[in-house]
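Trainee:
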Amino acid sequence: MEHTTRSQSRALPSSSTRTPDDLDAKLHTAVKNNDMENVKELLEKGANVNSRAEAGWTPLQSAVHMDEDLAIFLLEKGADLHARKDNGGTAFIEAAMEGSVRLLELFLAHGSDINEHDDNGFTAFMEAAWYGKEKALRFLHSKGVDVNMGRVVCEEKRKLNKGGATALMDACREGHMSVVKALVQDMKADLNICDNQDRNALIHALRKNSQKKPETSVSIGLFLLECGIDVKSRDENGKTALIMAAEVESLDLVKALLEKGEIDIDDADKEGNTALVVAVTNNNYSIAELLCEKGARTDVGNLIDIANRKRASNLTKLLLKHKAKFVPKPPTDWEPKSKRWRDHLKKLYEIYRPMIGKLKIFQYIYYKIQKTSQGSIYLGLYGDTEVAVAIGLYSDTEFDKQKRFFEQCGNSKHLVKVLQHEKAKGLVYLCFPLWEHNLEEYFEASGGGMDCKDILKMIFQAVSELHLLGFAHQDLCPSKFLIDLNGNIYLEDFDNRRLKLIEGKKKLVNTDLEALSKLVLYVITKGKKPFEKISTKDLAANSPDYEEALDLVKSLALHDERGLENFIKHPFFWSKQ
């Protein structure tokens with residue numbers, strides 16, 4: 239987003255040396271000065287109504303912030319309504335910042351897209367929410383705007399977890415209570431959408447902002463809690479809503495969160511600080527007392543030392559009463575086995591986390607290793623074993639079906655299986671052996687050092703094992719094959735796409751065989767082309783296995799009935815030595 243600050247006008251040359259560029263510069267200056275007569279005169283002399291100033295601003299975009307009549311005049315004179323600034327912003331989006339219903343209505347009539355967005359994903363609706371322009375917000379809603387649209391960003395920004403925020407998050411972040419209420423009560427905005435850093439509206443409401451008073455954050459937070467918002471979201475530093483409530487020092491908000499009964503009082507941020515640590519650090523006796531009375535652990539964060547540094551003797555007495563004691567940090571010479579996840583696992587090992595049985599896990603974006611249609615998968619430590627952890631509701635029949643399927647895979651050599659599981663507070667934590675890369679990542683990272691025939695043998699064995707269990711995968715692609723530290727390959731189905739094989743349903747198996755034919759090409763060419771675009775044309779004709787590879791691909795694509803276990807005996811896999 240680009241705010242409405244303007245660059246200083248340049249000094250302009252005298253009229254005796256006037257050029258088209260000089261006229262254009264004067265036009266931009268006249269618009270910024272809201273000088274209608276000068277604007278008219280300059281256009282008559284040939285100034286370009288669609289000329290660009292610094293950062294790509296057009297006269298129309300600037301006029302939107304100066305005067306509605308001036309903007310309308312420029313539009314009538316041929317100003318390009320769809321012109322974009324360097325950041326992708328349009329006059330329509332700028333009009334929402336100003337809250338100009340008159341201009342928004344006019345621009346829509348002239349072809350503006352109500353959901354158009356700039357390069358950072360900001361729409362007019364989001365800008366109206368950000369700047370607290372409730373009338374503009376309501377107008378856009380009446381015209382059918384997408385209330386729950388999240389910021390759309392390019393893939394590069396998406397990989398950095400940018401984007402995804404909604405208008406409700408913007409209103410919460412900037413502290414516009416009336417806009418928040420309008421969005422939730424009148425426009426039925428979804429409370430529990432998360433942005434690409436897994437933050438929901440409650441987290442945005444509690445974020446610190448130099449323009450927002452703490453009491454505003456508290457008021458919005460309490461309102462969202464009354465409306466039933468999910469309290470388990472975190473901010474980009476792993477802070478829970480309870481920790482953030484302790485930071486803004488709101489006893490009422492801390493009480494309201496604890497009354498929900500859904501939040502772990504001992505949860506910590508990425509530095510290992512709990513809500514109680516924050517309360518003691520802030521020398522807030524009331525919040526510290528409440529947390530202690532509600533059973534917060536006092537053996538986390540060396541609380542006595544913090545209270546003593548604050549010269550807070552009353553806090554020290556409170557903590558001693560609740561059995562606070564010094565707990566040394568674990569030794570830091572522990573080394574993970576994983577190379578890819580080393581730094582993450584070492585950090586997880588060193589920080590405090592409330593244990594779930596023998597499992598140590600942090601549901602925070604830094605430790606998220608995969609997103610699936612069923613939820614996210616996180617790094618974890620089960621005792622000293624490095625694991626990948628999927629989390630589901632104990633009462634969820636689909637998740638229970640997933641758990642039973644993974645348990646069925648226990649005797650398979652190349653299917654992902656459950657190592658251990660834990661249950662706590664209605665949730666089930668399934669622990670899987672940790673992998674380094676999926677097949678797609680492997681080729682991207684290393685170019686492929688493993689022998690392609692060895693890779694394909696394990697892939698074939700994995701699919702064969704799945705079929706023998708009575709299932710067809712239906713979504714075979716490189717990202718579904720996981721490679722561990724020792725080069726072993728496992729097939730996963732975290733998305734629960736598999737289908738039960740029924741007598742006479744050959745089509746299900748055939749779909750897997752067709753996907754395998756493409757996987758053969760993908761592996762032989764070491765992932766040089768995207769899986770969706772790979773074809774036999776990408777095989778090197780001078781390859782020693784060219785004819786055999788073509789025959790294997792053709793046999794799979796034509797649904798040869800000899801069985802996957804027999805395909806592993808195909809001439810392609812014979813040694814050339």
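Numbered according to the numbering used here, the sequence shown spans residues 239 to 815. Where is the CB? At the ideal position from N, CA and C, for every residue including glycine.
Quick one: using the 10 Å Cβ neighbour count with 16 as the cut-off for buried, is R580 buried or exposed?
Mentor: exposed
Trainee: Does the beta-carbon distance from D356 to N325 come in below 8 angstroms?
Mentor: yes
Trainee: For S254, I'd like the list of residues in its chain whose CB is within less than 7 angstroms of its CB, leaving aside the five on either flank, ordered along the chain.
Mentor: With a pLDDT of 36 at S254, under the threshold of 50, the modelled position of this residue cannot be trusted, and the question is left open.
Trainee: If the criterion is Cβ atoms closer than 8 angstroms, does the pair A626 and I603 meet it?
Mentor: In this structure, I603 does not lie closer than 8 angstroms to A626 by Cβ.
Trainee: Is the region 764 to 772 touching the region 786 to 801, taking contact as three or more C-beta pairs under 8 angstroms?
Mentor: no
Trainee: Just verifying my parser: in three-state terms, what is the DSSP assignment at T267?
Mentor: helix
Trainee: Please report the distance separating the alpha-carbon of W801 from that of A778.
Mentor: First, the residue type needs correcting, since residue 801 is Gly and not Trp in the sequence shown. Going by the C-alpha atoms only, they are around 27 angstroms apart.
Trainee: Along the beta strand (DSSP E) that carries L818, what are the first and last residues, could you check?
Mentor: Since the first residue shown for the chain is 239 and the last is 815, residue 818 is missing from the structure and cannot be characterised.
Trainee: Could you tell me whether the Cβ atoms of S457 and M415 are closer together than 8 angstroms?
Mentor: yes
Trainee: State buried or exposed for A249, treating a residue as buried only when at least 16 other CB atoms are found within 10 Å of its CB.
Mentor: Annotation note: pLDDT 32 at A249 (below 50); position unreliable, no value reported.
Trainee: K663 CB to nearest chain C CB: under 8 angstroms?
Mentor: Looking for chain C here will not work: only one protein chain is present.
Trainee: Looking at the secondary structure, which residues open and close the beta strand (DSSP E) in which I503 lies?
Mentor: Where I503 is concerned, there is no enclosing beta strand (DSSP E), given that its DSSP letter is neither H nor E.
Trainee: Going by other Cβ atoms of all chains shown within 10 Å of its Cβ, with 16 needed for buried, is W368 buried or exposed?
Mentor: So W368 ends up on the buried side.
Trainee: Express the C-alpha separation of G618 and E573 in angstroms, rounding to a whole number.
Mentor: 14 angstroms
Trainee: Where does Y395 fall in DSSP's three states?
Mentor: One detail in the question is off: residue 395 reads as Lys in this sequence, not Tyr. Of the three classes helix, strand and coil, the one that applies to K395 here is helix, per DSSP.
Trainee: In this structure, does DSSP put G801 in helix, strand or coil?
Mentor: Look at G801 here: in three-state DSSP terms it is coil, with no helix or strand label.
Trainee: Of the choices G686, E752, K561 and K584, whose alpha-carbon is the least far from that of H675?
Mentor: The residue with the shortest Cα to Cα distance from H675 is G686.
Trainee: Confirm, please, whether the CB-CB distance from V747 to L739 is below 8 angstroms.
Mentor: yes
Trainee: Using a Cβ-Cβ cut-off of 8 angstroms (strictly less than) and excluding sequence neighbours within five positions of E645, which residues of its own chain qualify?
Mentor: If the five residues before and after E645 are omitted, its C-beta is found closer than 8 angstroms to the C-beta atoms of K655 and V656, all from its own chain and listed in chain order.
Trainee: F818 bridges to which residues according to DSSP?
Mentor: With the chain running from 239 to 815 in the structure shown, residue 818 is simply not present.
Trainee: Considering only residues of the same chain and omitting the five flanking positions on each side of T774, which have a CB-CB separation below 7 angstroms?
Mentor: Closer than 7 angstroms at Cβ, skipping near neighbours: L759, L788 and V791.
Trainee: With respect to the beta strand (DSSP E) encompassing C631, which residues constitute its N-terminal and C-terminal limits?
Mentor: Going by the sequence as given, residue 631 is Leu instead of Cys. Counting along the chain, the beta strand (DSSP E) containing L631 begins and ends at T623 to L631.
Trainee: Per DSSP, what are the beta-bridge partners of Q658 in this structure?
Mentor: C669
Trainee: Suppose contacts are defined by Cβ-Cβ distances below 8 angstroms. Is A628 in contact with G613 by that definition?
Mentor: yes
Trainee: Restricting to Cα atoms, I'd like to know which of E660, A420 and N386 is closest to D433.
Mentor: Selected option, being the one with the closest Cα: N386.
Trainee: Which class does N676 belong to by DSSP, given the choice of helix, strand or coil?
Mentor: strand
Trainee: At which residues does the beta strand (DSSP E) containing I614 begin and terminate?
Mentor: Reading off the sequence, residue 614 comes out as Ser, not Ile. Its beta strand (DSSP E) spans residues G613 to Y620.
Trainee: Along the chain, where does the alpha helix (DSSP H) that runs through L429 open and close?
Mentor: No alpha helix (DSSP H) holds L429; DSSP gives it neither H nor E.
Trainee: Have a look at L665, K691 and V761 and flag the residue whose alpha-carbon is nearest the alpha-carbon of E678.
Mentor: V761
Trainee: Tell me which residues share the same chain as G349 and place their Cβ nearer than 8 angstroms to its Cβ, disregarding the 5 neighbours each side in the sequence.
Mentor: L319 and H320
Trainee: May I ask you to report which of helix, strand or coil DSSP gives Q449?
Mentor: coil
Trainee: Given this structure, state the Cα-to-Cα distance separating D689 from F732, to the nearest angstrom.
Mentor: Between the C-alpha atoms of D689 and F732 there is a straight-line separation of about 27 angstroms.
Trainee: Give the DSSP-derived three-state secondary structure of Y523 in the structure shown.
Mentor: helix
Trainee: Would you be able to state if there are at least three C-beta pairs under 8 angstroms between the region 445 to 453 and the region 418 to 427?
Mentor: no
Trainee: In this structure, how does DSSP classify A366 when only helix, strand and coil are distinguished?
Mentor: DSSP, reduced to helix, strand and coil, places A366 within a helical segment of the structure shown.
Trainee: Can you tell me where the beta strand (DSSP E) with I727 in it begins and where it stops?
Mentor: I727 to L729
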